[in-house]
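So the sequence lines, in the order shown, correspond to chains A and B.
Numbering of the first sequence is given in numbering that gives the first Met the number 0, commencing with residue 0 and proceeding in unit increments.
Numbering of the second sequence is given in numbering that gives the first Met the number 0, commencing with residue 0 and proceeding in unit increments.
Just so you know, even glycine gets a beta-carbon here, dropped at the ideal spot from N, CA and C.
Read the structure below first, then the notes.
There are 2 protein chains.
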Amino acid sequence: MAERDSEKHYPADPDATLRSTLGRKRDDSRDAVILDAVIQILAESGYERMTMDMVAQRAKAGKATVYRRWASKSDMVLDAVKRMKREQVDFDNLPDTGSLRGNLLALSRPQSVEETERKLRAMAGVATMLSQHPGLADLGHEALVAPWVEANYALMDRARTRGEIAPDADIATISQILPSMAAYRTLLQHRPVDRAFLLAMIDEVLLPALGAERTI
Amino acid sequence: MAERDSEKHYPADPDATLRSTLGRKRDDSRDAVILDAVIQILAESGYERMTMDMVAQRAKAGKATVYRRWASKSDMVLDAVKRMKREQVDFDNLPDTGSLRGNLLALSRPQSVEETERKLRAMAGVATMLSQHPGLADLGHEALVAPWVEANYALMDRARTRGEIAPDADIATISQILPSMAAYRTLLQHRPVDRAFLLAMIDEVLLPALGAERTI
DNA sequence: AAGTTCCGATACTATTGAGTATCGAATATG
DNA sequence: CATATTCGATACTCAATAGTATCGGAACTT
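Given below as structure tokens:
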């Protein structure tokens, strides 16, 4: 999918390979600075209210520098969304407190949730692009929610192996609840993913649905 | 808060009371036609891509007719969102199939969900207005999700009275799951609230969390 | 009938903003 | 050193559009 415009413009870095060897070299570190500015402004103002001048000013870059990297505003934003995918959840250091309840709580520490919240708000800023770019919704979900679903799944799978929860529980479905509800809460309700919310979800929904013994 | 512009323009119908008794009467039925067009276009294109000319054309109205009713585009859209609140769920005729599972499925009939989905997509279209109008998110939640939460709560409360579910189940929390997940799915994932989704949620999450006996 | 306000339609204006062009300075190659 | 490409900055073009003005006709009051 993609290529909504049937234009001569192509994704990012139109001339990546055929760049001359002469002259000053392109400073690739500017890309990240610009895209970070894009994410910030998307979260604050949304796609349509974000102007290219705002982006350039925030990144302390000239507009030529921006347009040398991306052929259009939409290309730039698409790239910014793709960039959000990285380093969302640390799969190599999943919590291991001994109980599923403790692990779920530890996974959703305020610190790790905060960054996701900021990126989710950026996703809300591109909501109006979703109809033109069908892949964008998947991209956002894959980048921001799916990793949390995976982490939840892994924790629940281990708990099942330990015999902590019912062996026939549908953890594929239940692992989606907490990340999705947190996303909904952030985007639509504009309410924080705080401890009270987490406790209600874990103790009153997830653990009972998983058939865990009540130990609270 | 509000009054983003500090202009002389005020909310809707600036001269509702002090309208002259002379001349042709204003046709109030045009309001609904115009606002319906607004909802349609919001769902299709979003706030920023929706032009006043599109609205007038879709409603077969002149722009003068539109601006005689609302002082600005944002006033008009705010009014359109408020209008979505009505007739969302029929509380006087909640389903009564005998089982909670049957009732939950009956409540979420494709027909009744369809209209909500359309309105939810309109809400996604005004996502970029949420930062300027903080009350708008609440308005959308109250109009489109809260009624479904109430209906879920009522059905679960009856089931508890019948002894169909655990007496200590936290139905205040659990009644939020299905409507919120459906909203998330529609808005962020752009996927339909179909029967497979409902069955997975009801059978694998809600009923187990409520401590209902497995009867499937 | 006279006067007023509504209707849909359309022309107009004033502003905003994406994308382009160009600047002088900096950094690279040969 | 000559040439080419980068950089940030700024000026420019041109299309889109919110809001206003005006039209001829319809509907209402007195």
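Check your understanding: Leaving out the 5 sequence neighbours to the left and right, which residues in its chain are closer than 6 Å to M122(A) when beta-carbon positions are compared?
Key -> Take M122(A), set aside five residues on each side of it, and the residues of its chain with a beta-carbon closer than 6 Å to its own are G139, in chain order.
Review point. Is the beta carbon of E203(B) sitting closer than 8 Å to the one on I173(A)?
Key: Going by C-beta atoms, E203(B) is nearer than 8 Å to I173(A).
Check your understanding: Is the beta carbon of M155(A) less than 8 Å from the beta carbon of L99(A)?
Key -> Contact: yes.
Review point. Between which two residues does the alpha helix (DSSP H) carrying I38(A) extend?
Key: S28 to S44 is the span of the alpha helix (DSSP H), which, as asked, contains I38(A).
Review point. How far does the alpha helix (DSSP H) with M180(B) in it reach, from first residue to last?
Key: Where M180(B) is concerned, the enclosing alpha helix (DSSP H) starts and stops at I176 to Y183.
Point to revise | Partner residues on chain B for G139(A), Cβ-Cβ distance less than 8 Å | key: For G139(A), the chain B residues whose Cβ falls inside 8 Å of its Cβ are L187, in order along the chain.
Point to revise | Closer than 8 Å to chain A by CB, R3(B) | key: Confidence at R3(B) is low in this model, with a pLDDT of 33, below 50, so the placement of that residue should be treated as unreliable; the coordinate-derived value is given next. Judged by the 8 Å Cβ criterion, R3(B) is not in contact with chain A.
Review point. How would you call S19(B), buried or exposed, if buried means at least 16 neighbouring beta carbons within 10 angstroms?
Key: Around the C-beta of S19(B), fewer than 16 other C-beta atoms lie within 10 Å, and the residue is accordingly described as exposed.
Review point. Of all Cβ atoms in chain B, is any one closer than 8 Å to the Cβ of E114(A)?
Key: No, because no Cβ of chain B sits closer than 8 Å to the Cβ of E114(A).
Exercise for review: Just the C-alpha distance for T185(A) and S111(A), rounded to the nearest angstrom, thanks.
Suggested key: C-alpha separation (whole angstroms): 14 Å.
Practice item. Alpha carbon to alpha carbon, how far is A60(A) from S44(A)? Give it in angstroms, no decimals. Key: Whole-angstrom Cα-Cα distance: 19 Å.
Check your understanding: If we ignore side chains and look at the alpha-carbon of each, how far apart do D30(B) and K24(B) end up?
Key -> Rounded to the nearest angstrom, the two C-alpha atoms are 13 Å apart.
Exercise for review: Report the neighbours of V148(B) on chain A: residues whose CB is nearer than 8 Å to its CB, in chain order.
Suggested key: Counting only Cβ-Cβ distances below 8 Å, V148(B) has no contacts in chain A at all, with the closest Cβ about 12 Å away.
Point to revise | C-beta neighbour in chain B for S130(A), strict 8 Å | key: Closer than 8 Å to some Cβ of chain B, the Cβ of S130(A) qualifies, so yes.
**Study point:** Where D4(A) sits in the DSSP three-state scheme
**Key:** Note that D4(A) scores 32 on pLDDT, short of 50, meaning its location in the model is unreliable; the coordinates nonetheless yield the value given after this. Judged by DSSP in its simplified three-state form, D4(A) adopts coil rather than helix or strand.
Review point. Counting contacts by CB-CB distance shorter than 8 Å, is G124(A) in contact with chain B?
Key: Chain B, which has a Cβ nearer than 8 Å to the Cβ of G124(A), makes this yes.
Review point. Mind checking if V54(A) is an interface residue toward chain B, Cβ cutoff 8 Å exclusive?
Key: No, V54(A) lies away from the interface with chain B (no Cβ there is under 8 Å from its Cβ).
Review point. According to the Cβ coordinates, are A136(A) and F90(A) closer than 8 Å?
Key: With respect to the 8 Å criterion, A136(A) and F90(A) are not classified as neighbours on the basis of their beta carbons.
**Study point:** Cβ of K7(A) within 8 Å of any chain B Cβ
**Key:** Because the pLDDT at K7(A) is just 32, under 50, the model does not fix this residue reliably, and the point stays unresolved.
Practice item. Return the CA-CA distance between A195(A) and L21(B), expressed in angstroms with no decimal places. Key: Rounded to the nearest angstrom, the two C-alpha atoms are 59 Å apart.
Review point. Can you round the beta-carbon distance between I176(B) and L104(B) to whole angstroms, since I take them to be within the 8 Å contact cut?
Key: About 15 Å; that fails the 8 Å criterion.
Exercise for review: Taking a Cβ distance cut-off of 7 Å, strictly less, list which residues of the stretch 162-183 of chain B are near chain A, in chain order.
Suggested key: Taking 7 Å as the cut-off between beta carbons, the residues of the stretch 162-183 of chain B near chain A are D169, T172, I173, I176, S179, M180, A182 and Y183, in sequence order.
Check your understanding: Taking all protein chains shown into account, do 16 or more other C-beta atoms lie within 10 angstroms of the C-beta of P207(A), making it buried, or fewer, making it exposed?
Key -> In the assembly as shown, P207(A) is a buried residue. Its beta-carbon has 16 or more other beta-carbons within 10 Å.
Exercise for review: Just the C-alpha distance for Y152(A) and L93(A), rounded to the nearest angstrom, thanks.
Suggested key: Using only the alpha carbons, I get a separation of about 11 Å.
Check your understanding: Which whole runs of the alpha helix (DSSP H) in the stretch 119-150 of chain B are 4 residues long or more, in chain order?
Key -> You should have 134-139.
Check your understanding: So, is K62(B) buried or exposed, given that buried needs 16 or more other C-beta atoms within 10 angstroms?
Key -> Exposed is the label assigned to K62(B), since fewer than 16 other Cβ atoms lie within 10 Å of its Cβ.
**Study point:** Same chain, Cβ closer than 7 Å to A42(A), neighbours up to 5 away in sequence not counted
**Key:** Hits under 7 Å: R117, R120, A121 and G124.
Practice item. Using three-state DSSP, classify D169(A) as helix, strand or coil. Key: DSSP places D169(A) in the coil class of the three-state scheme, outside both helix and strand.
Check your understanding: Grouping DSSP H, G and I as helix and E and B as strand, with all else coil, what is G101(A)?
Key -> Looking at G101(A) - three-state DSSP - the assignment turns out to be helix.
Review point. When the Cα atoms are used, what is the spatial distance from G97(A) to R159(A)?
Key: For G97(A) and R159(A), the distance between alpha carbons rounds to 13 Å.
Exercise for review: With 8 Å as the threshold, decide whether the Cβ of E212(A) is near any Cβ in chain B.
Suggested key: No, E212(A) does not count as interfacial toward chain B.
Point to revise | Under the three-state DSSP convention, the category L93(A) falls into | key: When secondary structure is reduced to three states using DSSP, L93(A) falls in the coil class, being assigned neither helix nor strand.
Check your understanding: Candidates S71(B), D74(B) and Q39(B): which alpha carbon is nearest R57(B)'s?
Key -> The shortest C-alpha separation from R57(B) is found at Q39(B).
Practice item. Note the first and the last residue of the continuous alpha helix (DSSP H) segment covering P207(A). Key: Membership of P207(A) in the alpha helix (DSSP H) is indicated by the continuous run L206 to L209.
Point to revise | Nearest-angstrom Cα separation, counted from L205(A) out to P166(A) | key: Taking the straight line from one Cα to the other gives about 15 Å.
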